[in-house]
Amino acid sequence: MDNDWDRSEPQVNITFEDMGIPTTRRLHFSIIGETRSCSEIGLTDRVYTSLVLLSVAAAAIPTVCQLAMSGAHSDDYTLGLVLLINEVFSVWYILEGVLKERSPEIAVLTLSVALNMAYVGVSYTSGHRSSFTLARLTVTAVFCPVLVIPGIGIICTYYVSRRLIFRTVGANASLQAFYLTLLLFQDLLKLDLQLGVSSILFAITLTRPIATQDITLLSVGVTFAAAWSALGLWAMPRESKVGAYLFFIFCPAQIAYLTYRLLLHKAAITSGNVEGTSPEVICFVAALTVHIGVILTGILVFARFGHGLKDKCKILSS
Numbered sequence: 061m062d063n064d065w066d067r068s069e070p071q072v073n074i075t076f077e078d079m080g081i082p083t084t085r086r087l088h089f090s091i092i093g094e095t096r097s098c099s100e101i102g103l104t105d106r107v108y109t110s111l112v113l114l115s116v117a118a119a120a121i122p123t124v125c126q127l128a129m130s131g132a133h134s135d136d137y138t139l140g141l142v143l144l145i146n147e148v149f150s151v152w153y154i155l156e157g158v159l160k161e162r163s164p165e166i167a168v169l170t171l172s173v174a175l176n177m178a179y180v181g182v183s184y185t186s187g188h189r190s191s192f193t194l195a196r197l198t199v200t201a202v203f204c205p206v207l208v209i210p211g212i213g214i215i216c217t218y219y220v221s222r223r224l225i226f227r228t229v230g231a232n233a234s235l236q237a238f239y240l241t242l243l244l245f246q247d248l249l250k251l252d253l254q255l256g257v258s259s260i261l262f263a264i265t266l267t268r269p270i271a272t273q274d275i276t277l278l279s280v281g282v283t284f285a286a287a288w289s290a291l292g293l294w295a296m297p298r299e300s301k302v303g304a305y306l307f308f309i310f311c312p313a314q315i316a317y318l319t320y321r322l323l324l325h326k327a328a329i330t331s332g333n334v335e336g337t338s339p340e341v342i343c344f345v346a347a348l349t350v351h352i353g354v355i356l357t358g359i360l361v362f363a364r365f366g367h368g369l370k371d372k373c374k375i376l377s378s
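Counting with the numbering used here, you get residues 61 to 378 for the letters of the sequence shown.
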């Protein structure tokens, strides 16, 4: 009787999926690498992505109008170009951050939104005011808390869950921590590129009129910043020591340039030619801070070369 009762009792097997631990690799391969499927993107992520894209569209309209109305040598024109660059990077951050479930990239997006608010706020209080600048300030002020507060929640959720990280490197806690450091390095490097291009735009338009050396600075500076960032994004995941050495060799160049620009601005403040706080100063300080962060995280990644992460990534992409 006991044996019959045991056989009739339904068998309940607890799986890893029941405990929230993914056992299958449901990754999609696209031009941006391995991503989760659209069916795995929750309602919160979809709403947040929609809000970011809506804010980009809403901010672009008054910015483009301001560009059309301003002269090429005005501060409003320069700020408009910088804001448009930031909006393009914001689209990159939100799409890749959500599809790849990258908490550092959403953090970088949040910082970018805060920088936009700082640029627009300081520019409006210290510069020329118009209906377009007021509209730009209003849109930015409305969307800034709407994006920053939920963004912090999504950052915490991604950091705790680490589902895509688990599927990439497995359950090894050491490899997960290393991979998260690599992601932080890559995402800071993207923000560094954004701020580097912005700082060059601010620098060349501080001089009236734009000289030949400014055009050279723009072309060479943007090319160098893009090539240096591409080198870091390529070399570190592949654990290329030659690429990493080249990356670190050219690190001081941007530090020296940004320090030079800040010293020039300090001298201009002393002589009374410019105000103490301006969008370009915010950009230079932020760019210098982020660049140092890139170097520090890059050193942490380089120190862990040869610990197995490259092999895990090769298995995933094969």
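Glycine residues also receive a C-beta, built at the ideal position from the N, C-alpha and C atoms.
Remember, it's a predicted structure, so these values are computed and weren't measured experimentally.
Under the rule that 16 or more other beta-carbon atoms within 10 Å means buried, what is residue i, buried or exposed?
i	result
Tyr320	exposed
Ser110	exposed
Ala304	buried
Alpha carbon to alpha carbon, how far is residue i from residue j?
i	j	result
Leu348	Ala295	22 angstroms
Val151	Ile309	31 angstroms
Val112	Cys204	10 angstroms
Leu278	Ala263	9 angstroms
Arg196	Thr138	14 angstroms
Thr228	Asn176	33 angstroms
Ala327	Gly102	52 angstroms
Ser331	His325	10 angstroms
Val282	Pro312	16 angstroms
Ser97	Val158	11 angstroms
Ser99	Arg222	17 angstroms
Val124	Ser191	13 angstroms
Using three-state DSSP, classify residue i as helix, strand or coil.
i	result
Thr84	Here Thr84 scores only 48 on pLDDT, less than 50, and its place in the model should not be relied on; the value that follows carries that caveat. Of the three classes helix, strand and coil, the one that applies to Thr84 here is coil, per DSSP.
Arg96	strand
Ile101	coil
Ala231	coil
Lys160	coil
Ser115	helix
Ser130	coil
Ser110	helix
Is the separation between the beta-carbon of residue i and that of residue j shorter than 7 angstroms?
i	j	result
Ala178	Ile342	yes
Leu235	Leu369	yes
Pro210	Tyr317	no
Thr353	Leu248	One point to set straight first is that residue 353 is Gly, not Thr, in the sequence displayed. The answer is yes: Cβ separation under 7 angstroms.
Val168	Tyr184	no
Leu224	Glu156	no
Ala119	Val199	yes
Phe238	Arg364	yes
Ser163	Ile215	yes
Leu344	Leu323	Before going on, a small fix: residue 344 reads as Phe here, not Leu. No, Cβ-Cβ distance for Phe344 and Leu323 is not below 7 angstroms.
Phe147	Val116	According to the sequence shown, residue 147 is Glu rather than Phe. Yes, the pair counts as a contact, with Cβ atoms nearer than the cut-off.
Val350	Leu251	yes
Val208	Thr170	yes
Provide the residue span of the alpha helix (DSSP H) that contains residue i, from first to last.
i	result
Thr337	That residue, Thr337, is in no alpha helix (DSSP H); it is neither H nor E in DSSP.
Gly366	Run containing Gly366: none; DSSP gives neither H nor E here.
Ser183	163–186
Arg222	Premise fails: Arg222 is in no alpha helix (DSSP H) and is neither H nor E.
Phe307	301–309
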